[in-house]
Each structure stands twice: as C-alpha cells, then as structure tokens.
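Okay, so the sequence shown: first residue is 224 according to the working numbering, each after it adds one.
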Amino acid sequence: MPPLLSLAIVLYSINSVLLAALAYVYGRTALSTRAKYPLGLFVFSTLLLLHSGGTAAAYLFLSPYFLEEAVPSMFIMAVFELVGVGFLLRITL
C-alpha cells in the first residue's frame, strides 16, 4: 500500500472522529431546542460521517485496485476535508 494512501486512511479516520463529535453536539442541541437548523446539521454531519467511514474502509480494503496515479489526489481530498471539518468543529465548540 502506498504511504500516501495509508495517510489518507488515517486522515479519513480522524475525520470520522471529528464528525462524530459534531453529530453529538448538533444532536444534543437539536434535542434541547427542538429547532430545525441543528437537526439539519445533525443529519448532514451524520451522513458525512458515514461517507468518511466508508471512504476509509474502501481505501483500506480496496487499495490493490487503485491506480498509483490516483493516490495523490485521494490524499489531497482527505486533507481538504480534514481542514474543513476541523474548522467547522472549532467554530462549533
């Protein structure tokens, strides 16, 4: 497995943890306020959590099928998503 792909798996795993924290905060807010906006944020963060977890699993189990040329762009997308989710968590907390 290429090292960049291993790093992408780690980054998507970190994304999953951050998104689980966001889903917890948004879910708690939605339950306490009964507002629609935090409920929408909860649904969004939960779906993005499923995406990140699925991507990490796909990268892990399907890595022999990926072309070597595609790995750098896959890693860059993982970095972009981690920065975005990290920023969102920072302004949420």
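Glycine included, each C-beta is placed from N, C-alpha and C at the ideal position.
Source: prediction; values computed, not measured.
Hey, would you say A253 sits closer than 8 Å to F265, going by beta carbons?
One-based indexing of the sequence shown puts residue 253 at position 30. One-based indexing of the sequence shown puts residue 265 at position 42. Yes; because the gap between Cβ atoms is below 8 Å, this pair is in contact.
To which residues of the same chain is S236 closer than 6 Å at the C-beta, ignoring the five residues directly before and after it?
Locating residue 236 in the sequence shown gives position 13, counting from the first residue. Correct list, in chain order: A279.
Kindly indicate which residue of G309, I314, L316 and T315 has the alpha-carbon position closest to the one of V240.
Translated into the one-based positions of the sequence shown, residue 240 becomes position 17. The residue with the shortest Cα to Cα distance from V240 is G309.
Does the Cβ of F284 have 16 or more other Cβ atoms within 10 Å, making it buried, or fewer, making it exposed?
Within the sequence shown, the letter at position 61 stands for residue 284. By the 10 Å Cβ count, F284 comes out exposed.
Other residues of its chain near L302: CB distance less than 8 Å, five sequence neighbours each side excluded:
For the purposes of this step, residue 302 is identified with residue 79 of the sequence shown, where counting begins at 1. Note on identity: in this sequence residue 302 is Val, with Leu being the wrong assignment. Within the same chain, V302 has close Cβ partners L234.
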